[in-house]
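Colleague:
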Amino acid sequence: MSLNTNSWNRIRYTLYTPIYDLLVGKIFTASRRKSIDMLQIKPGEKVLLVGAGTGLDFDFLPKNAEVYAGDITPAMVSKMQQRAKRLQFNATVEVMDGQNLHFPDNTFDKLILHLIVAVIPDPVKCLQEAERVLKPGGEAVIFDKFRPQNQQLSKFRAFFNKLTSFLFSDITRVIENLLTHTKLKIVKDLPANFNGNFRILKIQKPL
Ligand SMILES: C[S@@+](CC[C@H](N)C(=O)[O-])C[C@H]1O[C@@H](n2cnc3c(N)ncnc32)[C@H](O)[C@@H]1O
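Numbering (the numbering used here), first residue to last: 19 to 225.
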């Protein structure tokens, strides 16, 4: 039985909300910027941030795009709304389940999935929803920690994962394997924080 559920995420991220920016605000700044730059968002494009947390990505987004951002945790969403207001950043911010998006098919030009694919209870459903709401030819960036595809799952990692996935994130997921459940294609794959344990991937929905 998995302890990583939407209900548990709401509880743990409600507890983390007051200290979240302090914990992850600085260390991932360069990677956030690099990842969002890779999307080359154009004026007027529709952009969705899934599991957007406190909105730390807002600093790096152009003000002339049509931005939607959601998260399952109401406390994170409130903080994100405050950030948008403070930055005078125009975005539609709401409570949203990344595994069950309420948008029609083919809605968005670009998607941002930062530190969510390794966290969300059902990453395959999340990626399938990303694929569904992206327009054909649309692109998404994923920034997260993944186990290299060619690395066996060690007993130590599997055991340690019970703790990490309960506290903050799964450390066993292989992005290439998850993406086989979609038609999304990796078009760029860059090593990022912690010796490349974190990666930035640009993926595309075929035309
Ligand atoms: C590690 S934080 C990342 C937040 C933000 N993307 C960032 O880069 O700072 C993970 C976020 O995923 C959210 N989350 C977990 N499960 C979710 C789901 N099913 N749908 C949407 N958000 C979810 C949590 O509430 C939390 O805010």
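The beta-carbon is built from N, C-alpha and C at its ideal position, and this holds for glycine as well. These numbers were taken from a predicted model, which means no experiment stands behind them.
Return the chain-ordered list of same chain residues with a C-beta closer than 6 Å to the C-beta of N22, the five sequence neighbours on each side being excluded.
Modeller: P139 and S183
Colleague: Is the beta carbon of G156 sitting closer than 8 Å to the one on K128?
Modeller: yes
Colleague: With a Cβ-Cβ cutoff of 8 Å, do D123 and T72 count as a contact?
Modeller: no
Colleague: Report the partner residues of D207 according to the DSSP bridge assignment.
Modeller: Bridge partners of D207: L219.
Colleague: For F216, collect the residues of the same chain with a Cβ closer than 6 Å to its Cβ; drop the 5 residues on either side in sequence, then sort them by chain order.
Modeller: K163 and A210
Colleague: From I193, W26 and T32, pick the residue whose C-alpha is nearest to that of S96; which is it?
Modeller: T32
Colleague: Can you tell me where the alpha helix (DSSP H) holding L129 begins and where it ends?
Modeller: Careful: L129 lies outside any alpha helix (DSSP H), inside the beta strand (DSSP E) at F126 to H132.
Colleague: Closer than 7 Å by C-beta to G43: which residues in its own chain qualify, once you throw out the five before and the five after it? Chain order, please.
Modeller: L74
Colleague: Any heavy atom of ligand 1 within a distance shorter than 7 Å of the CB on A70?
Modeller: yes
Colleague: Pull up the DSSP beta-bridge partners for A109, would you.
Modeller: A109 pairs with V85.
Colleague: Just checking, does the region 140-148 make contact with the region 188-205 on the three C-beta pairs under 8 Å criterion?
Modeller: yes
Colleague: Which same chain residues, not among the five before or five after M114, have their C-beta less than 6 Å away from its C-beta?
Modeller: G88
Colleague: Tell me whether R51 is buried or exposed, calling it buried when 16 or more other Cβ atoms sit within 10 Å of its Cβ.
Modeller: exposed
Colleague: Considering only DSSP beta bridges, list what D162 is partnered with.
Modeller: Beta bridge pairing from DSSP links D162 with R217.
Colleague: Determine the direct distance from the alpha carbon of I218 to that of Q167, and round the result to whole angstroms.
Modeller: Each residue's Cα considered, the two are about 15 Å apart.
Colleague: Sorted by chain position, which residues of the same chain lie with C-beta nearer than 6 Å to N82's C-beta, five sequence neighbours on each side aside?
Modeller: Here the set comprises P61.
Colleague: Beta strand (DSSP E) containing K173: first to last residue?
Modeller: Not the beta strand (DSSP E): K173 falls in the alpha helix (DSSP H), residues K173 to L185.
Colleague: Could you tell me which of T91, M56 and Q100 sits nearest to L79, measuring between CA atoms?
Modeller: M56
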